[in-house]
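Position 219 (the sequence shown) corresponds to 219 in this note's numbering; numbering is contiguous.
Built from N, CA and C at the ideal position, the CB exists for glycine as well.
Note that the structure is predicted; figures quoted are calculated from it, not measured.
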Amino acid sequence: MKNVSILGSTGSIGTQTLDVCRNYKDDLNVVALACGTRINDLAKQIEEFKPELACVATKELAEELAKLVDNKNLKIVYGMEGLIEAAIISSADIVLTAVVGMMGIKPTIEAINAGKDIALANKETLVCAGHIIMKLAKEKNVAILPVDSEHSAIFQSLNGEKKSQLRKILLTASGGPFRGKDRAFLENVKLEDALKHPNWSMGRKITIDSSTMVNKGLEVIEAKWLFGVDATDVQVVVQPQSVIHSMVEFEDGGVMAQLGTPDMRLPIQYALFYPDRKPIANSEFLDFYKLGQISFEKPDMDTFVGLKMAYEAAAKGGNIPTALNAANEYAVALFLDRKIKYLQIYDMIRFAMDNVRFIDNPTVEEILETEQEVYKLLKENFN
Ligand SMILES: NC(=O)C1=CN([C@@H]2O[C@H](COP(=O)(O)OP(=O)(O)OC[C@H]3O[C@@H](n4cnc5c(N)ncnc54)[C@H](OP(=O)(O)O)[C@@H]3O)[C@@H](O)[C@H]2O)C=CC1
Ligand SMILES: CC(=O)[C@@H](O)[C@H](O)COP(=O)(O)O
Ligand SMILES: [Mn+2]
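Pasting the structure below:
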């Protein structure tokens, strides 16, 4: 039996993780659940999975949750302190990090310090603090198991191979809902259209990131840290059907790929049960006769400049990936609130990367200071 703590249990990855736990009740035991504000959903999860601890965003929500649940053994906590408590709970063997954004940094680091394996969906954490997290994980001998579909595919493709013989990583991208469009088209795109991912059903923030291809940029940096390669050795290949989840090429010209239907429960359960594979319940299997064709394209980085800026951020290093990520989080939240136009997401990222005070090898505190500095810069310079 493996004890699991889930950070972000009410979201897209969180609920799919609970579906895996539901399908494997004898193997996975949920010990902690953390969410932000959806306390009615959390209350139902608590009733079904009976964790020891539940965490919500604020004290008020914690008090409301206490009224909704009838479980005297449940400890209810809140805020960042509470999220860290959920991450380091002594009974957990593994922490699945599925919160969105930089709020994942501290709990992930504390979970590693407490010796927990990490099933990592929260890519923003590695983008900003990959240099700290990968080093610490090695020191503490804990595994960082990728949940992001592409990184799980790379991890699966590298299984049993010598990393020294790896030539490059081929990171696949759907191209998002605006694939093939030009900059003039992007000028006036609507929120509703940006939220229509061609293949995946995901949370709102990552869905916008996929549409701008900033998601792919974050994933290039995530791959750099997870697999210890240069970002220049990560080549993005647009594969619009999202059937090939990523590939790796070796020195001898051999290419290994992982394919599957777009169902996040596969990478989730692969991370939770690694190195075992388990049957997947209620999912479709790939039918190559029905599939017809798989096609490939080069990404248009002159239109989707978010991807180009991520390569630039990776090359500059230090706190520049944090500047890119923080500006993107800030801008996407405004776009989701209909406060800015689509292309301002790129403008804000550009401005933050060009104007933030450079810090080489930033500490966690400096990463979080950079986040605040970026927010201030953007508030002062965009209205
Ligand atoms: N969705 C997907 O298929 C994929 C997602 N990822 C990554 O996984 C992460 C999660 O994405 P996704 O599931 O789509 O996002 P969602 O927006 O669907 O879920 C986010 C989760 O974080 C919780 N949360 C928000 N604020 C807080 C807070 N203050 N304290 C604690 N929890 C909080 C939310 O709770 P509540 O809603 O209750 O406020 C929710 O449970 C992201 O980093 C994303 O990039 C990676 C690959 C695929
Ligand atoms: C499911 C997943 O891992 C997402 O990151 C998804 O891959 C987004 O797709 P694109 O960014 O390629 O559109
Ligand atoms: Mn992905």
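#### Entry: Own chain partners of Asn355 with C-beta closer than 7 Å, once the 5 adjacent residues on each side are dropped
Leu377
### Message
Contact defined as beta carbons within less than 8 Å: I believe Ala271 pairs with Pro146. What is the distance between those atoms, to the nearest angstrom?
### Response
In this structure Ala271 is in contact with Pro146, their Cβ atoms being roughly 7 Å apart against a cut-off of 8 Å.
### Query
When the Cα of Ile206 is compared with those of Gly11, Ser152, Asn113 and Val248, which residue comes out closest?
Among Gly11, Ser152, Asn113 and Val248, the Cα nearest to that of Ile206 belongs to Gly11.
### Message
Only counting the same chain, and skipping five residues up and downstream in sequence, which positions put a Cβ closer than 6 Å to that of Met256?
### Response
Ser157 and Val248
#### Entry: Residue range of the alpha helix (DSSP H) that includes Leu186
Arg183 to Glu187
### Task
Could you tell me the distance, in whole angstroms, from the CA atom of Ala137 to the CA atom of Tyr289?
43 Å
### Query
In chain order, which continuous runs of the beta strand (DSSP E) of length 3 or greater are located wholly inside the region 227-303?
Runs found: 234-238, 244-250 and 255-259.
### Contacting residues, own chain, Cβ-Cβ under 6 Å from Val77 (five flanking each side not counted)
Cys55 and Glu85
#### Entry: Close-in-space but distant-in-sequence residues of the same chain around Leu33 (CB under 6 Å, 5 per side omitted)
Ile6, Ser9, Gln45, Pro51 and Ala54
### Message
Rounding to the nearest angstrom, what Cα-Cα distance links Arg350 and Gln344 in this structure?
### Response
10 Å
### Message
Is the beta carbon of Leu171 closer than 7 Å to that of Val391?
### Response
One cannot answer for residue 391 here, as it falls past the ends of the chain, which runs 1 to 383.
### Query
What do you reckon, is the C-beta of Ala34 under 6 Å from a heavy atom of ligand 5?
This structure lacks ligand 5; the ligands present are ligand 1, ligand 2 and ligand 3.
### Query
Among all the DSSP beta bridges, which residues are the ones paired with Thr172?
Val237
### Message
On the DSSP letters alone, give me the boundaries of the beta strand (DSSP E) that Cys55 sits inside.
### Response
Leu53 to Val56
### Query
Taking Cβ positions, are Ser152 and Pro267 nearer each other than 7 Å?
yes
### Message
Buried or exposed for Leu291, going by 16 or more other Cβ atoms inside 10 Å?
### Response
exposed
### 8 Å contact criterion, which Gly176 and His197 should meet: CB distance rounded
Right, their Cβ atoms sit about 7 Å apart.
### Beta-carbon contacts of Lys116 that lie in its chain and below 8 Å, excluding the five residues immediately before and after
Ser5, Ala87, Ile88, Ala92, Asp93, Ile94, Val95 and Val142
### Query
Is Gly176 near ligand 2, with its Cβ less than 6 Å from a heavy atom?
True, at least one ligand heavy atom lies under 6 Å from that Cβ.
### Task
Could you spell out where the beta strand (DSSP E) holding Ala4 opens and where it closes?
At residue 4 the sequence reads Val, which differs from the Ala that was named. Its beta strand (DSSP E) spans residues Lys2 to Leu7.
### Query
Buried or exposed: which applies to Ser283, given that a residue is buried once 16 or more other Cβ atoms fall within 10 Å of its Cβ?
exposed
#### Entry: Close-in-space but distant-in-sequence residues of the same chain around Glu64 (CB under 7 Å, 5 per side omitted)
Ile39
### Query
Val77 lies in the alpha helix (DSSP H); which residues open and close that run?
Unbroken run through Val77 is the beta strand (DSSP E), Lys75 to Tyr78; no alpha helix (DSSP H).
### Message
DSSP has Leu96 in a bridge; who is on the other side?
### Response
Beta-bridge partners of Leu96 (DSSP): Ile6 and Ala119.
### Query
Anyone know if the C-beta pair for Asp233 and Lys168 falls short of 7 Å?
Going by C-beta atoms, Asp233 is nearer than 7 Å to Lys168.
### Query
Is any heavy atom of ligand 3 found at a distance shorter than 6 Å from the C-beta of Glu369?
no
### Query
Nearest CA to the CA of Arg183: which residue from Tyr24, Asn381, Lys341 and Asp287?
Lys341
### Task
Alpha carbon to alpha carbon, how far is Asn3 from Leu74? Give it in angstroms, no decimals.
16 Å
### Task
Measure the alpha-carbon distance for Asp439 versus Ser211 and round it to whole angstroms.
This structure leaves residue 439 out entirely; the chain is present only between 1 and 383.
### Task
Please work out which residues of its chain come closer than 6 Å, Cβ to Cβ, to Val332, disregarding the five sequence neighbours upstream and downstream, and give them in chain order.
For Val332, where only same-chain residues beyond five positions count, the Cβ hits under 6 Å are Lys205 and Ile208.
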